[in-house]
Amino acid sequence: MQLVHLKNLLTFASFRPEPADPAAAWSTRFPNKRTLLLNVNRNTVHWQVMQKAGQLGESGSADGPLQEVAEMYADEWAELTDDGWCSVSINNRFILSLESNLSRKKGYEELLRTNPKAVLGSKFERGKVYAVRHHPETNSSLLLACEETLIKDMQDTLRKAGLKVGRIACGLFAMLSDVIYRLHQSEGKEGEEEESEKVPLNYLLVAVCQGSVCVLKQREEQWTELRSRSAYYEPGELSSIRQILQPMLNDWDPQFPTLFVSDDNDPNSFEQIRQMLPGHAVSDVSTDAQLWSIIGRN
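Residue numbers (our numbering): 26 to 323.
The structure is reproduced here in structure tokens:
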């Protein structure tokens, strides 16, 4: 046995996932390594360092498309990581839709990556990359479709900047999935019926992330309507979201809960949403550093 193999056994490194393993949590792929987290929209790039101990470190931002920002900050980014690995959140050129009766057979997640047509059937389109989040109690699903060329161009740009892309996710979809998990995680678990009763039968979920927005409506435990736009508003100025919200309020009881979640780059967004919904029961369910935690730890 070579010395490096023996060392890996003694430090348990042999039992850890490979850095390029997309199925493993980010924190287990890079133990004791600094990595870079990027949040990219059409005209702005934000970044954050995930430190060795899993704590957030240095941060920064720059205006401009990713290609220009990467060329300017390549040297700085290289110094912020140990091996050049990065996790990326994209916030443009994607479509979110509400679907039903998508396959949930064992292994569907891997099949969605390798042969999406087998999962999506007639909903499949060439040149798209997909992800899905199922309703835990019904046959409804949130379907994310992202342009494959965008992902390839982003990988090429970051590779030229000296970075290795370990994950690309849609920040808006990731935050939606996180809130849905937190809402429904207790359902169906023995001994937790009391907690399950706290999951609202009806809710409006409003999510914003770096210019992109999604509004999801649940009525009587069923997802009934979804409206979403990518690269729709200027970060920090949410007034245009009113056009998406208003049609979904026509048959909505203001006493039903409206849940709001945003990335950390919109500190005043909750107050803007509250002003759009006077008399409505609006609550902010965002967590500290939510987007960075999702793409940098999970």
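Virtual Cβ for every residue (Gly too), placed ideally from N, Cα, C.
Coarse secondary structure for residue i, derived from DSSP in three states
i              : result
arginine 138   : helix
tyrosine 228   : strand
alanine 314    : coil
tryptophan 277 : coil
aspartate 203  : helix
alanine 143    : helix
leucine 270    : helix
aspartate 88   : strand
arginine 151   : coil
serine 255     : coil
serine 128     : coil
alanine 103    : helix
alanine 95     : helix
glycine 261    : coil
glutamate 218  : Since pLDDT at glutamate 218 reaches only 46, below the 50 mark, its modelled position is unreliable, and no value is offered.
Outcome for residue i when other beta-carbon atoms lying within 10 angstroms are tallied against a minimum of 16
i             : result
alanine 194   : buried
glycine 321   : buried
alanine 170   : buried
aspartate 276 : exposed
leucine 226   : exposed
proline 272   : exposed
glycine 146   : exposed
leucine 294   : Residue identity check: residue 294 is serine in the sequence provided, not leucine. The residue is buried, with at least 16 neighbouring Cβ atoms inside 10 Å.
glutamine 243 : buried
glycine 132   : exposed
glycine 191   : buried
glutamate 215 : Bear in mind that a pLDDT of 48 at glutamate 215, under 50, signals an unreliable position, so the model cannot answer this.
serine 258    : Inspection of the sequence shows that residue 258 is occupied by tyrosine rather than by serine. Buried, because 16 or more other Cβ atoms sit within 10 Å of the Cβ of tyrosine 258.
proline 141   : buried
asparagine 57 : exposed
aspartate 288 : buried
DSSP beta-bridge partners of residue i
i              : result
methionine 179 : Beta-bridge pairing links methionine 179 to no other residue.
threonine 283  : Leu229 and Val307
alanine 156    : Leu169
methionine 75  : Thr60 and Leu81
glutamate 250  : Lys242
tryptophan 110 : Lys189
isoleucine 115 : Val65 and Cys195
serine 237     : Cys234
valine 70      : Val65 and Ala87
Range of the contiguous beta strand (DSSP E) that encloses residue i
i                : result
phenylalanine 55 : It is not in any beta strand (DSSP E) - phenylalanine 55 carries neither H nor E in the DSSP assignment.
glutamate 172    : 165 to 172
glutamate 124    : 119 to 125
arginine 299     : Counting along the chain, arginine 299 falls outside any beta strand (DSSP E), though it belongs to the alpha helix (DSSP H) covering 294 to 301.
Contact belief for residue i with residue j at Cβ below 8 angstroms, rounded distance in angstroms
i              : j                 : result
asparagine 323 : alanine 50        : 6 angstroms
valine 144     : serine 128        : 5 angstroms
valine 231     : phenylalanine 285 : 5 angstroms
cysteine 234   : leucine 316       : 7 angstroms
serine 237     : leucine 197       : 5 angstroms
isoleucine 120 : alanine 199       : 16 angstroms between Cβ atoms; not a contact.
serine 114     : arginine 158      : That pair is no contact at about 16 angstroms.
leucine 208    : cysteine 111      : So it is not a contact: roughly 30 angstroms between Cβ atoms.
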